[in-house]
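Peer 1: The sequence shown begins at 152 in our numbering and counts up by one. In this text, a Cβ means the ideal position worked out from N, Cα and C, and glycines have one as well.
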Amino acid sequence: MVADAVILGSLGLMVVILASVLGAVTRRERFPFVAGIALFILAHVVAVEPAAVGMALAALGILLAAGSTIPLLRQPA
152 MVADAVILGS LGLMVVILAS VLGAVTRRER FPFVAGIALF ILAHVVAVEP AAVGMALAAL
212 GILLAAGSTI PLLRQPA
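1) In the structure shown, what three-state DSSP assignment does Pro-222 receive?
2) Could you spell out the range, first to last residue, of the alpha helix (DSSP H) harbouring Val-185?
3) DSSP on Met-206, reduced to helix/strand/coil?
4) Put Val-199 into one of helix, strand or coil per three-state DSSP.
5) Quick one: what's got a C-beta closer than 7 angstroms to Met-165's C-beta in the same chain, skipping five residues either side?
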């Protein structure tokens, strides 16, 4: 019971963090980044069968989030 509360609380905190990224960051890359992280989290929280589908969704989420950082990495320092 306590474990369920901790899991729900941490998921709620992740939603707050993703919402704050959307509100604080002004670059358009924030949308695919937040979507990728949300997809990654959902792929781990929701019991997706077969497991390969869940793994593919999680990998897609990470690729989407990582791909959104490329424009930032290409800018001069």
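Peer 2: The structure says:
1) helix
2) 181 to 196
3) It is helical.
4) coil
5) Ile-192
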